[in-house]
Every structure is written in structure tokens, then in C-alpha cells.
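Protein chains in written order, with the numbering used here: chain B, 308 to 565; chain Z, 308 to 565.
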């Protein structure tokens with residue numbers, strides 16, 4: 308199906324199509340499709356754009372990443388389906404290691420995702436095997452790499468589950484989550500919860516990384532001034548405002564998500 | 308995977324498992340999994356329970372159904388996966404005809420869904436073939452039965468898309484939608500939008516049908532007194548209140564949906 312660029316829901320439909328294609332290629336699991344739907348509903352509530360508080364979190368994320376000693380980006384099936392190019396580009400800009408880490412793990416799926424990222428220019432992508440375990444997680448979900456997430460000081464976990472986010476925080480890492488649900492345990496647990504759609508978030512962080520790499524003082528200032536609780540509070544205010552305007556604005560015949 | 312009944316998210320996890328199983332059986336399509344995720348996010352916002360305004364709409368739906376001359380329940384893949392037994396039971400209580408009607412239609416999938424409903428006790432389930440077309444819909448999505456949706460005066464469309472809901476309303480039918488998004492075009496277009504989770508909605512409507520069948524005067528009174536705009540307004544107030552309490556209540560470490 309060809310979706311015209313002029314379609315009001317173009318971006319959202321393209322994302323959906325990418326996921327279904329990746330599911331057919333054995334990269335995305337059915338649970339990932341359901342999770343994507345949850346994200347779609349939240350993104351609709353947020354107006355399908357980056358909010359001001361999300362932009363603040365994205366800049367803080369970038370500041371932590373440029374100052375990190377061993378930054379790592381964690382990639383799962385949905386992330387590889389939706390933004391492989393953008394993830395690889397961000398990894399090179401930082402520069403950071405990429406590790407494929409799956410909730411519904413099979414080695415075959417890990418290999419397919421590593422291949423996808425490599426095809427998009429990723430180098431040294433970690434994933435298969437694993438030589439370390441994250442404490443407090445059941446065995447299959449704990450598997451990771453010393454050269455990757457296990458040894459990282461700053462980890463980006465886009466579309467991650469709450470347990471793993473919590474386990475990584477407990478290990479003392481700075482955990483940057485990307486999750487559209489501001490009330491999820493992932494968003495509550497992360498050191499820097501970025502409440503934004505994946506591709507938008509990665510592109511914004513990428514831009515801030517390129518800016519802050521040239522300005523270490525500004526990066527240091529941002530790391531110091533970012534306050535998670537304040538940022539989440541601003542996010543909740545924004546969400547409340549959005550919902551009020553959605554409910555007020557709802558004309559009986561306007562096109563909205565079905 | 309065995310999910311213990313004591314799990315705080317038991318119902319939601321069972322539903323997810325049912326959908327994934329039905330997807331493996333060729334009953335649910337990937338787009339249906341994504342749509343289910345959107346519903347999950349809304350249901351989470353609603354507190355995963357039937358709201359007072361939803362209950363009012365469910366009673367109005369039951370009143371219309373017991374007074375209908377040719378009531379029909381439309382069933383798609385997600386509906387067959389999530390509540391086949393409940394749908395058949397409701398159809399018998401009214402009594403109403405069931406017609407399988409798919410957005411992503413293939414005759415093979417229609418047949419599989421007819422078989423599922425028949426296995427759960429459904430009789431005379433319509434679906435394959437079709438001998439009429441709903442005006443204003445593209446050809447494949449328009450196909451329907453004279454003895455079913457085409458000839459119905461009251462139609463229940465659970466988890467339906469906006470275009471078809473609108474087309475049925477334009478045909479002069481009383482359209483009862485079941486959709487968790489109160490802002491969707493389906494909810495805006497339907498004669499009676501029921502904003503509730505599918506299984507809960509069907510069980511509640513079933514109970515009201517059994518009650519109102521014995522009380523035609525009360526059914527007539529309810530049909531007269533139900534006002535869609537008032538009901539939706541009450542739904543929006545409820546949603547605003549829920550969101551406010553979610554945002555207020557969010558302790559940093561509480562378990563919420565990931």
C-alpha cells in the first residue's frame with residue numbers, strides 16, 4: 308500500500324507499516340506490535356509532536372551522553388524496525404556502542420537485528436552471546452555484554468520495560484529511557500525519562516549531541532541543572548493541558564484517530 | 308506462559324495472550340494487535356473499569372437492541388479473539404444475527420472467524436460471500452449481507468473503524484459502537500458510543516438486555532432519555548478527572564503499565 312505524503316497521519320501510518328514489515332521479517336514480535344499501539348495512543352494525546360519538557364529531557368540526555376566514558380545504546384526489535392538509521396547515526400555522533408537486547412529473546416532474532424543495524428552502517432554491534440548478567444533479572448533477560456550495557460556508565464534504553472530499567476538504575480548507571488507513557492514504571496525509574504516518540508527523540512538527541520560536543524561547559528551546566536522530578540511535573544502539566552484542549556476542541560465530525 | 312490469577316494485570320495479560328494466540332491461528336492481523344495496544348492505553352487511563360457514563364450507554368444500547376426488528380452484531384478478528392463466547396451469548400439473549408465483517412478482509416479469515424463463533428455455539432453466522440454493498444465504502448470493505456448488516460435496523464459494531472461506522476449511520480441505522488477511545492471518529496459518529504473495554508461492555512449489555520426484555524416500558528423510556536452528546540460530555544469529564552488523579556497519585560515507585 309502506497310501512503311501519500313500529504314496524508315494527515317503519514318508519519319504514523321509509515322511507522323505502522325515499518326513495524327508490520329519487520330514483524331514479517333522476524334524482527335518484531337506480536338507483543339511489540341501491541342506495545343506500539345499503546346505508544347500510538349499516548350502520542351495522539353501528546354499531539355504527535357515533541358513537547359517542551361521532552362525537549363529539555365532530550366538535551367539533558369545528550370549532555371550526559373557526550374560526557375559519558377562508556378555510553379551504550381540498547382536496541383530491541385521495535386527500535387530496529389522504526390529507527391535503525393537514526394540509531395546508528397546517533398551512536399556515531401556520540402560515539403557510543405550499540406547492544407541488541409531483547410525482552411522476548413531468541414538468538415536468531417538478536418542476529419537478525421544485529422544484521423539490520425549493520426546494514427544501516429552500524430559497526431561492532433553487540434548482541435549474540437553475552438558474557439555478563441544484570442543482577443535482579445531472570446536469567447534470559449539478564450544476559451548482556453561487559454563491553455556493552457554491563458560495563459556502561461550511561462545507557463539509552465528506548466522502549467524498555469520497567470524491570471530492566473530499574474535493574475540498570477540499581478547498578479548505578481545513568482539510564483536514559485525513551486517511552487511515550489509518562490506514568491510507566493520505565494519513565495518513573497529512569498534517571499532521564501524522555502517522553503517522546505522514538506524517532507523524534509533520537510533525532511533531537513542527535514542534534515543536541517552535535518551541539519554539546521563542541522561546548523563541554525554547556526554540557527556540564529545542563530547535567531547539573533536538569534531535575535527529573537521538575538521535568539516530569541512539567542510533562543504532566545502539559546499532558547493535562549493537552550487533554551483539556553482535546554476534550555474542548557472535539558467537534559462532532561473532526562477526523563481523529565479511530 | 309501461565310499467568311497467576313492474583314497478578315494485578317491478570318485480565319489485561321490474558322487478553323494479550325488471547326490475541327497473540329488468535330494471531331497465530333490466522334484470526335487476528337498485525338494491525339489488530341497495534342489497535343489493541345491503543346485500546347490498552349485508553350483502558351489504563353480509564354482505570355480498567357466501566358465508568359458510570361459507559362454504563363449508561365450500555366443500558367441505552369441494550370434498550371435499542373431489545374426493541375430492534377433486525378438487530379445484528381458485527382464481528383471482526385479482534386472481537387472473535389477476545390470475546391467469542393460473550394458475543395454468542397449476547398446474540399442469543401437479544402436475539403440478534405451475527406455477521407463477520409473484516410476491515411482487512413480475506414475470505415479465508417472470514418471462514419476461520421465464522422468457525423470460531425460456531426464452535427462457541429453461534430448459529431447461522433453470516434460472513435463469507437455477501438450479497439449487498441454498503442454505500443460510500445471501497446469495494447472490499449463494503450461487502451455485506453442483506454440478511455445481516457445491510458438489512459439491519461440496529462447494528463453493534465465493536466472495535467470498528469470510523470469510515471464504516473459513518474457509512475452505516477448514513478444508511479439510517481442505529482449504530483452501537485464499542486471503542487475505548489472517546490475521541491475516535493467511531494465514537495463521534497456512532498448513534499450510541501459505548502466507551503468501554505469489549506468484554507466488559509458485552510457482558511454489561513447482555514445483563515441489561517435480559518433485564519429490559521421483561522420490561523418494554525422501561526426500554527422505551529431509556530431509548531427516549533439517552534442523549535449521546537450528554538453522555539459523551541460526562542465521559543470527557545470522567546476522563547479529565549481520572550487523568551488528574553493519575554497525575555496527582557503518581558508516586559515515584561508505584562507499579563504502573565510499562
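We treat Cβ as the ideally placed atom computed from N, Cα and C, and that holds for glycine.
| Query | Result |
| --- | --- |
| What is the DSSP secondary structure of residue 562 of chain Z, reduced to helix, strand or coil? | In this prediction, residue 562 of chain Z has a pLDDT of 44, which is less than 50 and means its spatial position is unreliable; what the coordinates show is noted afterwards. Coil, per DSSP. |
| What residues in its chain sit with their C-beta under 8 angstroms from that of residue 326 of chain B, if we drop five residues either side in the sequence? | 335, 339, 340, 343, 385, 388, 389 |
| Given that residue 343 of chain B touches chain Z, what residues does it touch there, using C-beta distances under 8 angstroms? | 341, 344 |
| Within the continuous beta strand (DSSP E) that includes residue 482 of chain B, where are the two ends? | 481 to 485 |
| If you run the structure through DSSP and keep just helix, strand and coil, what is residue 312 of chain B? | coil |
| Using three-state DSSP, classify residue 466 of chain B as helix, strand or coil. | coil |
| Please confirm if the region 516 to 532 of chain B is in contact with the region 404 to 420 of chain B, defined as three or more CB-CB distances below 8 angstroms between the two stretches. | no |
| Any C-beta of chain Z within less than 7 angstroms: which residues of the region 397 to 408 of chain B qualify? | none |
| Look at residue 459 of chain B and residue 360 of chain B and say whether their C-beta atoms are less than 8 angstroms apart. | no |
| Is the separation between the beta-carbon of residue 345 of chain B and that of residue 348 of chain Z shorter than 8 angstroms? | yes |
| Mind pulling the chain B residues with CB within less than 8 angstroms of residue 360 of chain Z? | Simply none; closest approach about 13 angstroms. |
| Would you kindly check if the distance between the Cβ of residue 456 of chain Z and the Cβ of residue 369 of chain Z is under 8 angstroms? | no |
| Just how far apart, CA to CA, sit residue 438 of chain Z and residue 469 of chain Z? | 23 angstroms |
| Taking DSSP as the reference, what is the three-state secondary structure of residue 551 of chain Z? | helix |
| Kindly say whether residue 543 of chain B, judged by its beta-carbon, lies nearer than 8 angstroms to any beta-carbon of chain Z. | yes |
| Is the shortest distance between the beta-carbon of residue 552 of chain Z and the beta-carbons of chain B less than 8 angstroms? | no |
| Compare the C-beta of residue 515 of chain Z against all C-beta atoms of chain B and say whether one is closer than 8 angstroms. | no |
| Determine whether the Cβ of residue 562 of chain B lies closer than 8 angstroms to any Cβ atom of chain Z. | At residue 562 of chain B, the pLDDT of 44 sits below 50, so the modelled position is not reliable; the number obtained from the coordinates is stated separately. For residue 562 of chain B, the answer is yes, since a Cβ of chain Z falls inside 8 angstroms of its Cβ. |
| Does the region 541 to 550 of chain Z come close enough to the region 539 to 555 of chain B that 3 or more CB-CB pairs lie under 8 angstroms? | yes |
| Report the rounded CA-to-CA distance for residue 367 of chain B versus residue 399 of chain B, giving the unit in angstroms. | 18 angstroms |
| With the cut-off set at 8 angstroms, would you say residue 375 of chain B and residue 461 of chain B are in Cβ contact? | yes |
| Along the chain, where does the alpha helix (DSSP H) that runs through residue 532 of chain Z open and close? | 523 to 532 |
| If the cut is a Cβ gap below 9 angstroms, which residues of chain Z does residue 323 of chain B touch? | 337, 338, 341 |
| Within its chain, find whatever has a CB closer than 8 angstroms to the CB of residue 425 of chain B; leave out the 5 residues flanking it on each side and keep chain order. | 432 |
| What is the residue span of the alpha helix (DSSP H) that residue 319 of chain B lies within? | 317 to 331 |
| If you draw a straight line from the alpha carbon of residue 417 of chain Z to that of residue 491 of chain Z, how long is it in whole angstroms? | 26 angstroms |
| Please list the partners that residue 547 of chain Z has in chain B, where partner means a Cβ-to-Cβ separation under 8 angstroms. | 550, 551, 554 |
| When you compare each of B/363, B/434, B/423, B/445 to residue 483 of chain B by their alpha carbons, which one comes out closest? | B/363 |
| What is the C-beta distance between residue 503 of chain B and residue 365 of chain B, in whole angstroms, given that I count them as a contact (C-beta under 8 angstroms)? | 7 angstroms |
| Compare the C-beta of residue 519 of chain Z with all C-beta atoms of chain B and state if any pair is closer than 8 angstroms. | no |
| Can you tell me whether DSSP reads residue 501 of chain B as helix, strand or coil? | strand |
| Could you check how far apart the C-beta atoms of residue 421 of chain Z and residue 434 of chain Z are, in whole angstroms? I think they sit under 8 angstroms. | 5 angstroms |
| Can you say whether residue 311 of chain B is buried or exposed, counting buried as having 16 or more other CB atoms within 10 angstroms of its CB? | exposed |
| What do you reckon, are the CB atoms on residue 373 of chain Z and residue 526 of chain Z nearer than 8 angstroms? | yes |
| Residues of the region 475 to 495 of chain B in Cβ contact with chain Z at a cutoff of 7 angstroms, in chain order, please. | 488, 490, 491, 492, 493, 495 |
| Can you check the region 398 to 428 of chain Z for any beta strand (DSSP E) of at least 3 residues that lies completely inside it and give the ranges in chain order? | 404 to 407 |
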